[in-house]
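Number of protein chains: 2
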Amino acid sequence: MNAEIATRKSFRREGEDKRREDLIAATLACVAERGLAGATVREIAQRADVTAGLIRYYFPTKDELIGAAYRAVMQRMTVQASDALKSANDDPRARLYAFVTANLGQPIMDPHNLSLWAGFIALVHADPAMAAAHRDGYLGFRDELEILIRDALRSAGAPAEPRHTRRHAIAINAIIDGLWLEGCLAGDIFSDGELAETGITSIEAVLGISLKAEGGAT
Amino acid sequence: MNAEIATRKSFRREGEDKRREDLIAATLACVAERGLAGATVREIAQRADVTAGLIRYYFPTKDELIGAAYRAVMQRMTVQASDALKSANDDPRARLYAFVTANLGQPIMDPHNLSLWAGFIALVHADPAMAAAHRDGYLGFRDELEILIRDALRSAGAPAEPRHTRRHAIAINAIIDGLWLEGCLAGDIFSDGELAETGITSIEAVLGISLKAEGGAT
DNA sequence: GCTCTATTTATGCAAGCGTATAAATACTCC
DNA sequence: GGAGTATTTATACGCTTGCATAAATAGAGC
Chain A
331 MNAEIATRKS FRREGEDKRR EDLIAATLAC VAERGLAGAT VREIAQRADV TAGLIRYYFP
391 TKDELIGAAY RAVMQRMTVQ ASDALKSAND DPRARLYAFV TANLGQPIMD PHNLSLWAGF
451 IALVHADPAM AAAHRDGYLG FRDELEILIR DALRSAGAPA EPRHTRRHAI AINAIIDGLW
511 LEGCLAGDIF SDGELAETGI TSIEAVLGIS LKAEGGAT
Chain B
331 MNAEIATRKS FRREGEDKRR EDLIAATLAC VAERGLAGAT VREIAQRADV TAGLIRYYFP
391 TKDELIGAAY RAVMQRMTVQ ASDALKSAND DPRARLYAFV TANLGQPIMD PHNLSLWAGF
451 IALVHADPAM AAAHRDGYLG FRDELEILIR DALRSAGAPA EPRHTRRHAI AINAIIDGLW
511 LEGCLAGDIF SDGELAETGI TSIEAVLGIS LKAEGGAT
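The listed protein sequences correspond, in order, to chains A and B. Here the first sequence is numbered in the working numbering, starting from 331 and rising by one per residue. Here the second sequence is numbered in the working numbering, starting from 331 and rising by one per residue.
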């Protein structure tokens with residue numbers, strides 16, 4: 331040991347998966363706090379308690395990290411919505427009901443999620459890879475929704491041919507997205523559960539069926 | 331005249347309004363082409379055929395220019411939607427119909443508009459001034475919509491008390507926003523007019539009335 | 001046509017950016 | 001416990017960014 335004052339940062343080696351997750355989490359935290367512009371390599375590294383150079387070891391370029399973060403957000407929201415389905419998997423109409431209310435409540439309907447989402451959407455236009463990632467996510471969501479709708483319609487004895495369910499999926503996807511947007515942007519001007527309730531009522535009107543399970547389960 | 335090679339850029343003095351408009355237009359062009367990140371002071375200046383320093387003469391800070399551009403876009407979209415109303419101002423239901431289809435067609439439903447919008451929305455979270463600008467625009471839009479809804483309901487002999495129209499406005503705003511989003515993001519996977527048609531059908535279902543004028547005008 | 005000033009150009013600066021690369025170090029395996 | 005390697009740190013480079021400031025000039029008013 332000599333007279334050097336500055337000591338080198340001590341560190342632990344982490345598994346590859348853990349590090350990637352940490353870096354993505356740090357990225358999301360940065361974006362949530364100061365927007366996409368605030369997600370600089372240095373800031374992300376600092377938040378992950380790591381030096382900036384390490385990021386490049388796991389992500390060849392910053393854009394790849396950003397893309398990975400976007401996919402992580404979308405997947406997280408998808409998983410959260412799917413979790414809601416597991417809790418109420420008996421009646422098809424109850425399932426659709428649960429899916430809608432989950433998407434229009436905490437933790438999915440959150441300003442941070444919107445910030446992240448909007449930031450990425452703004453990139454979609456310029457970055458083809460991001461655009462592809464987005465389209466996949468969107469179509470995946472709509473497909474899942476379309477199945478829920480089809481089952482709910484059938485359960486209510488209503489016609490559920492593809493040409494109907496496709497249109498319904500488009501419309502109901504719009505209702506969910508639109509209300510989600512409103513809630514994220516100005517959640518404080520709505521009473522608790524108002525948006526979810528509005529969503530359910532509107533969707534019932536569009537489908538022409540009730541989403542309250544008649545059997546009375548769950 | 332001496333041996334200097336580099337000549338100073340010649341220029342014309344423009345009126346304040348003209349310059350501001352040009353700079354905003356250049357900003358929008360930059361954002362449209364390469365996203366918000368592509369809208370650098372130098373790039374904007376070049377597109378406006380002006381040197382970078384001049385921007386600061388009209389906009390104290392770049393953020394102010396961005397904010398002005400945001401307001402310009404929103405206003406442009408609002409005006410375009412209002413223009414559609416002027417063409418069909420007889421029957422209240424026809425007016426609502428026109429308003430909806432205008433918002434779900436060209437030139438409002440355009441990827442560029444979404445890019446701009448998303449970029450700004452991503453900023454809203456971090457910038458209170460931008461947030462205020464956005465909320466004003468949103469509430470303005472919804473208020474206009476609520477009036478159209480109220481008149482349409484009355485015209486159809488349906489109840490139109492505030493507590494109903496408010497809910498309807500929230501829901502229908504969501505439908506319009508959501509479909510607008512879908513169309514901007516992936517307009518190519520929808521047939522022409524499909525989204526507008528879907529919107530009308532859904533809104534009719536939600537309101538429980540037809541939007542085709544019975545009298546048969548326009 | 002001269003003067004004066006608002007407008008515009010030109011230049012530079014300090015900060016922050018993403019990326020590259022070499023050195024250091026924690027852990028694995030024998 | 002020693003050697004080897006994958007992981008991490010440290011440092012620096014080249015670029016771009018927004019912003020500041022001084023010099024130049026177009027056009028209005030007399």
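Even glycine gets a Cβ: it sits at the ideal position worked out from N, Cα and C. Since the structure is predicted, the reported quantities are computational estimates derived from the model, not experimental observations.
Alpha helix (DSSP H) segment containing Val430(A), residue limits:
Position 100 of the first sequence, counted from the first residue, corresponds to residue 430(A). Where Val430(A) is concerned, the enclosing alpha helix (DSSP H) stretches over 422-433.
Of all the options Leu509(B), Ile374(B), Ala516(B), which has the alpha carbon lying nearest to the alpha carbon of Ser532(B)?
As a first step, residue 532(B) is located in the second sequence; it is residue number 202 there, counting from the start. For the residues Leu509(B), Ile374(B), Ala516(B), the minimum Cα distance to Ser532(B) belongs to Leu509(B).
Sub-8 Å separation of Gly529(A) and Leu446(A) beta-carbons
For the purposes of this step, residue 529(A) is taken as residue 199 along the first sequence, with counting starting at 1. For the purposes of this step, residue 446(A) is taken as residue 116 along the first sequence, with counting starting at 1. For Gly529(A) and Leu446(A), no; Cβs fall outside 8 Å.
Would you please verify whether the beta carbon of Arg364(A) is less than 8 Å from any beta carbon of chain B?
Translated into the one-based positions of the first sequence, residue 364(A) becomes position 34. Taking Cβ atoms only, chain B reaches closer than 8 Å to Arg364(A), which makes this a yes.
Is the distance from the Cβ of Leu415(A) to the Cβ of Phe429(A) below 8 Å?
Here the question's residue 415(A) lines up with position 85 in the first sequence. Here the question's residue 429(A) lines up with position 99 in the first sequence. The answer is yes: Cβ separation under 8 Å.
Taking the alpha helix (DSSP H) that Leu366(B) belongs to, which residues open and close that run?
Numbered from 1 along the second sequence, position 36 holds the residue referred to as residue 366(B). Taken as a continuous stretch (DSSP letters only), Leu366(B) belongs to no alpha helix (DSSP H), as it is neither H nor E.
In or out: Leu483(A) buried (at least 16 other Cβ within 10 Å) or exposed?
By one-based count along the first sequence, residue 483(A) stands at place 153. Counting Cβ neighbours within 10 Å, Leu483(A) comes out buried, since at least 16 surround it.
Work out the CA separation of Val380(B) and Thr337(B) for me, nearest whole Å.
Position 7 of the second sequence, counted from the first residue, corresponds to residue 337(B). Position 50 of the second sequence, counted from the first residue, corresponds to residue 380(B). Their Cα atoms are separated by approximately 15 Å.
Beta-carbon proximity check, Arg480(B) vs Ala490(B), cutoff 8 Å:
Looking up residue 480(B) in the second sequence gives position 150. Looking up residue 490(B) in the second sequence gives position 160. Contact: yes.
Is there at least one Cβ from chain B nearer than 8 Å to Tyr468(A)'s Cβ?
For the purposes of this step, residue 468(A) is identified with residue 138 of the first sequence, where counting begins at 1. So yes, Tyr468(A) belongs to the interface.
Quick one: does Pro422(A) have its CB under 8 Å from some CB of chain B?
By 1-based counting over the first sequence, the position of residue 422(A) is 92. Closer than 8 Å: no.
What do you reckon, are the CB atoms on Gly517(B) and Met460(B) nearer than 8 Å?
The residue labelled residue 517(B) in the question sits at position 187 within the second sequence. The residue labelled residue 460(B) in the question sits at position 130 within the second sequence. No. Outside cutoff.
Taking Cβ to Cβ, would you say Leu478(A) is nearer than 8 Å to Leu426(A)?
Indexing the first sequence from 1 puts residue 478(A) at position 148. Indexing the first sequence from 1 puts residue 426(A) at position 96. Yes; because the gap between Cβ atoms is below 8 Å, this pair is in contact.
Through-space distance from Ala486(B) to Ser542(B), alpha-carbon basis
The residue you call residue 542(B) lines up with position 212 of the second sequence. The residue you call residue 486(B) lines up with position 156 of the second sequence. It should be pointed out that residue 542(B) corresponds to Lys in this sequence rather than to Ser. C-alpha separation (whole angstroms): 11 Å.
Shorter than 8 Å from the beta carbon of Glu512(A) to some beta carbon of chain B?
One-based indexing of the first sequence puts residue 512(A) at position 182. Output row for Glu512(A): interface = yes.
Please classify Ile396(B) as buried or exposed, where buried requires at least 16 neighbouring CB atoms within 10 angstroms.
Counted from its first residue, the second sequence places residue 396(B) at position 66. Label assigned to Ile396(B): buried.
Can you say whether Tyr400(B) is buried or exposed, counting buried as having 16 or more other CB atoms within 10 angstroms of its CB?
As a working mapping, residue 400(B) is identified with position 70 in the second sequence. With 16 or more other Cβ atoms within 10 Å, it is buried.
Go through its chain and collect everything with a Cβ distance to Asn503(A)'s Cβ below 8 Å, but skip five positions before and after it.
Here residue 503(A) refers to the residue found at position 173 when the first sequence is read from its first residue. Once the five neighbours on either side are set aside, the close Cβ partners of Asn503(A) are Phe471, Arg472, Leu475.
Go through its chain and collect everything with a Cβ distance to His498(A)'s Cβ below 7 Å, but skip five positions before and after it.
By one-based count along the first sequence, residue 498(A) stands at place 168. Taken in chain order, the residues that qualify are Ile479, Val536, Leu537.
Using a Cβ-Cβ cut-off of 7 Å (strictly less than) and excluding sequence neighbours within five positions of Ala378(A), which residues of its own chain qualify?
Stepping through the first sequence from its first residue, residue 378(A) is reached at position 48. Answer for Ala378(A): Asp352, Leu353, Ala356, listed in chain order.
Alpha carbon of Arg465(B) to alpha carbon of Gln405(B), nearest angstrom:
Here residue 465(B) corresponds to residue number 135 of the second sequence, with the count starting at 1. Here residue 405(B) corresponds to residue number 75 of the second sequence, with the count starting at 1. Approximately 13 Å between the Cα atoms of the pair.
Which residues bound the alpha helix (DSSP H) around Leu453(B)?
As a working mapping, residue 453(B) is identified with position 123 in the second sequence. Per DSSP, Leu453(B) belongs to the alpha helix (DSSP H) from 441-454.
Return the residue from the list Leu358(B), Pro458(B), Gln436(B) that minimises the CA-CA distance to Leu515(A).
Position 185 of the first sequence, counted from the first residue, corresponds to residue 515(A). Minimum Cα distance to Leu515(A) is reached at Pro458(B).
Roughly how many angstroms lie between the CA atoms of Val371(A) and Ile385(A), to the nearest whole one?
Your numbering for residue 371(A) matches position 41 in the first sequence. Your numbering for residue 385(A) matches position 55 in the first sequence. Taking the straight line joining both Cα atoms gives about 7 Å.
CB contact check: Leu478(A) to chain B, cutoff 8 Å:
By one-based count along the first sequence, residue 478(A) stands at place 148. False, the Cβ-Cβ gap to chain B never drops below 8 Å.
Alpha carbon to alpha carbon, how far is Leu511(A) from Ser412(A)? Give it in angstroms, no decimals.
Position 82 of the first sequence, counted from the first residue, corresponds to residue 412(A). Position 181 of the first sequence, counted from the first residue, corresponds to residue 511(A). Answer to the nearest angstrom: the Cα atoms are 20 Å apart.
Assigned exposure category for Val409(A) - 16 Cβ within 10 Å defines buried:
One-based indexing of the first sequence puts residue 409(A) at position 79. Result: exposed.
What are the boundary residues of the alpha helix (DSSP H) that includes Asn503(B)?
Indexing the second sequence from 1 puts residue 503(B) at position 173. Element bounds for Asn503(B): 492-516.
Whole-angstrom distance between Ala369(A) and Val361(A), CA atom to CA atom
The residue you call residue 361(A) lines up with position 31 of the first sequence. The residue you call residue 369(A) lines up with position 39 of the first sequence. Those two C-alpha atoms are separated by around 5 Å.
Give a yes or no on whether 8 Å exceeds the smallest Cβ distance from Gly449(B) to chain A.
Start at 1 with the first residue of the second sequence, and residue 449(B) comes out as number 119. Yes, its Cβ sits closer than 8 Å to a Cβ of chain A.
Measuring only the C-alpha atoms, how far is Pro492(A) from Ile506(A)?
Numbered from its first residue, the first sequence carries residue 492(A) at position 162. Numbered from its first residue, the first sequence carries residue 506(A) at position 176. Taking the straight line from one Cα to the other gives about 20 Å.
Strictly under 8 Å for the Cβ-Cβ distance: is Asn419(B) near chain A by that measure?
Along the second sequence, read from residue 1 onward, the residue named residue 419(B) stands at position 89. So no, Asn419(B) is outside the interface.
Is any heavy atom in the ligand ADP found nearer than 7 Å to the beta carbon of Arg349(A)?
By its list of ligands, the structure shown contains no ligand whatsoever, and the ligand ADP lies outside what it can speak to.
Measuring only the C-alpha atoms, how far is Glu534(A) from Ala501(A)?
As a first step, residue 534(A) is located in the first sequence; it is residue number 204 there, counting from the start. As a first step, residue 501(A) is located in the first sequence; it is residue number 171 there, counting from the start. The straight-line gap from Cα to Cα measures roughly 12 Å.
Alpha carbon to alpha carbon, how far is Gly345(B) from Pro437(A)? Give it in angstroms, no decimals.
Within the first sequence, the letter at position 107 stands for residue 437(A). Within the second sequence, the letter at position 15 stands for residue 345(B). One C-alpha to the other measures close to 50 Å.
Whose C-alpha, out of His455(B), Phe389(B), Asn419(B), Leu469(B), is nearest the C-alpha of Asp347(B)?
Locating residue 347(B) in the second sequence gives position 17, where the first residue counts as 1. When only C-alpha atoms are compared, the closest one is Phe389(B).
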